[in-house]
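Undergrad: Chains as they are written, first to last, in my numbering: chain A, 117 to 228; chain B, 27 to 143.
1) Since I believe residue 134 (chain A) is in contact with residue 192 (chain A) (beta carbons under 8 Å), could you give me their beta-carbon distance rounded to a whole number of angstroms?
2) Let me see if you follow: with CB-CB separation under 9 Å, is residue 158 (chain A) close to chain B or not?
3) Would you decide whether residue 219 (chain A) is buried or exposed? Buried here means 16 or more other CB atoms lie within 10 Å of its CB.
4) From residue 117 (chain B) to residue 28 (chain B), what does the alpha carbon distance come to, in whole angstroms?
5) Any Cβ of chain A within less than 9 Å of the Cβ of residue 116 (chain B)?
6) Report the residue ranges of all alpha helix (DSSP H) runs contained in full by the stretch 30 to 112 of chain B; include only those spanning at least 4 residues, in chain order.
7) Among B:106, B:35, B:86, B:44, which one has its Cα closest to the Cα of residue 50 (chain B)?
8) Output the distance between the C-alpha atoms of residue 158 (chain A) and residue 79 (chain B), rounded to the nearest integer angstrom.
9) So is residue 54 (chain B) buried or exposed if we call it buried at 16+ other beta carbons inside 10 Å?
10) What residues match up with residue 165 (chain A) in a beta bridge as DSSP calls it?
Structure representation (structure tokens):
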């Protein structure tokens with residue numbers, strides 16, 4: 117089955133700096149890669165996603181890049197703000213089913 | 027409904043008791059998932075239902091755990107003879123399954139926090 121690895125597990129940045137979280141996947145059949153943000157005590161919420169036919173997608177301060185050849189995808193947050201502090205999860209979904217495989221999460225702290 | 031609803035939001039039980047957790051997915055979503063999240067940990071897959079297909083139970087940690095989905099909508103996760111290590115937040119999620127390249131956004135419920143004393 118699919119195996120998703122996520123790094124780093126914790127990340128601290130100064131407000132205004134950029135943050136990058138990286139994930140790798142093992143199944144070349146995976147074709148959909150969402151990112152979820154989970155604030156303390158809240159449910160995971162989708163913040164951005166990318167499909168395998170696209171290399172990059174941007175939504176205001178967040179962007180996701182996908183390298184299908186290397187089987188890795190990354191989340192980029194620019195001009196970080198304290199409200200960006202949360203746990204971020206990456207996931208991959210294969211086209212052979214509808215199962216989602218999650219990374220282990222990155223705890224991001226933005227220091228004011 | 028407008029979102030994924032889970033109940034109860036909090037459940038405190040004694041070791042050895044059975045508990046039932048309920049999930050009501052978004053109307054029309056054919057795929058339903060259960061995940062477990064222990065304090066400060068990631069999302070542990072438990073079980074996945076898709077339409078009338080046999081569920082994927084590969085994530086259930088022991089035979090004390092079971093789940094059913096009646097009428098293709100509401101799902102119940104049952105934990106028998108609860109143990110302290112079962113304490114966690116149990117998250118339900120649903121998605122609309124289309125073509126492999128179509129929209130399959132996974133939407134989570136608020137979770138059921140289970141505490142086993």
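Think of the CB as a built atom: it goes at the ideal place given N, C-alpha and C, for glycine as much as any other residue. The model shown is predicted, which means the values in this text are computed figures rather than measured ones.
TA: According to the structure data:
1) The count along the first chain starts at 1 and reaches residue 192 (chain A) at position 76. The count along the first chain starts at 1 and reaches residue 134 (chain A) at position 18. Contact holds; Cβ gap of about 7 Å.
2) Within the first chain, residue 158 (chain A) is the residue found at index 42, counting from 1. Yes, because at least one Cβ of chain B sits closer than 9 Å to the Cβ of residue 158 (chain A).
3) Taking the first chain and counting its residues from 1, the one referred to as residue 219 (chain A) is at position 103. Buried, by the Cβ-count rule.
4) In the second chain, counting from the first residue as 1, residue 117 (chain B) sits at position 91. In the second chain, counting from the first residue as 1, residue 28 (chain B) sits at position 2. Taking the straight line joining both Cα atoms gives about 17 Å.
5) What you label residue 116 (chain B) is simply residue 90 of the second chain in a count that begins at 1. Answer no: the Cβ-Cβ gap between residue 116 (chain B) and chain A never drops below 9 Å.
6) none
7) Taking the second chain and counting its residues from 1, one reaches residue 50 (chain B) at position 24. Cα-wise, what sits closest to residue 50 (chain B) is B:35.
8) Position 42 of the first chain holds residue 158 (chain A). Position 53 of the second chain holds residue 79 (chain B). Rounded to whole angstroms, residue 158 (chain A) to residue 79 (chain B) spans 31 Å at the Cα level.
9) The residue labelled residue 54 (chain B) in the question sits at position 28 within the second chain. It is exposed - the Cβ of residue 54 (chain B) has fewer than 16 other Cβ atoms within 10 Å.
10) If you number the first chain from 1, residue 165 (chain A) lands on position 49. Residue 165 (chain A) pairs with A:150.
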